[in-house]
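A.B. asks: Dumping the structure here so I can ask a few things about it.
Residue numbers (this note's numbering): 204 to 281.
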């Protein structure tokens, strides 16, 4: 069974992501979906489509994985 996050939960996970990556909301929206105002619209009550929610979660997972791999790769290069 797939559990989908509420918009409030999705925004909370995006906010945590923004903090982890020191990223501005407009950059996140542009990079994740091509919509610079995405985060503002979600915070103001917009419900994302399933496609948009999927793009957001895949973007965050990919960036988190890249960030986790970076320190190990730097150690190997040293």
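Using N, Cα and C, we set each Cβ at its ideal position, and we do this for glycine too.
Mark residue 259 as exposed unless 16 or more other C-beta atoms lie within 10 angstroms of its C-beta, in which case mark it buried.
C.D. replies: Within the chain shown, the letter at position 56 stands for residue 259. Buried, since its Cβ has 16 or more Cβ neighbours within 10 Å.
A.B. asks: Nearest to residue 244 by alpha carbon, out of 209, 232, 263?
C.D. replies: In the chain shown, residue 244 corresponds to position 41, counting from 1. It is 232 whose Cα lies nearest to the Cα of residue 244.
A.B. asks: Taking the alpha-carbon of residue 219 as reference, which of 272, 267, 273 has the nearest alpha-carbon?
C.D. replies: Taking the first residue of the chain shown as 1, we reach residue 219 at position 16. Measuring from the Cα of residue 219, the nearest candidate turns out to be 267.
A.B. asks: I believe residue 210 touches residue 251 by the beta-carbon criterion, under 8 Å. Please report the beta-carbon distance rounded to the nearest angstrom.
C.D. replies: Counting from 1 along the chain shown, the entry for residue 210 is found at position 7. Counting from 1 along the chain shown, the entry for residue 251 is found at position 48. The Cβ separation is near 7 Å, so the contact holds.
A.B. asks: Of the residues 269, 263, 241, which one's Cα is nearest the Cα of residue 216?
C.D. replies: Residue 216 sits at position 13 when you count from the first residue of the chain shown. Among 269, 263, 241, the Cα nearest to that of residue 216 belongs to 263.
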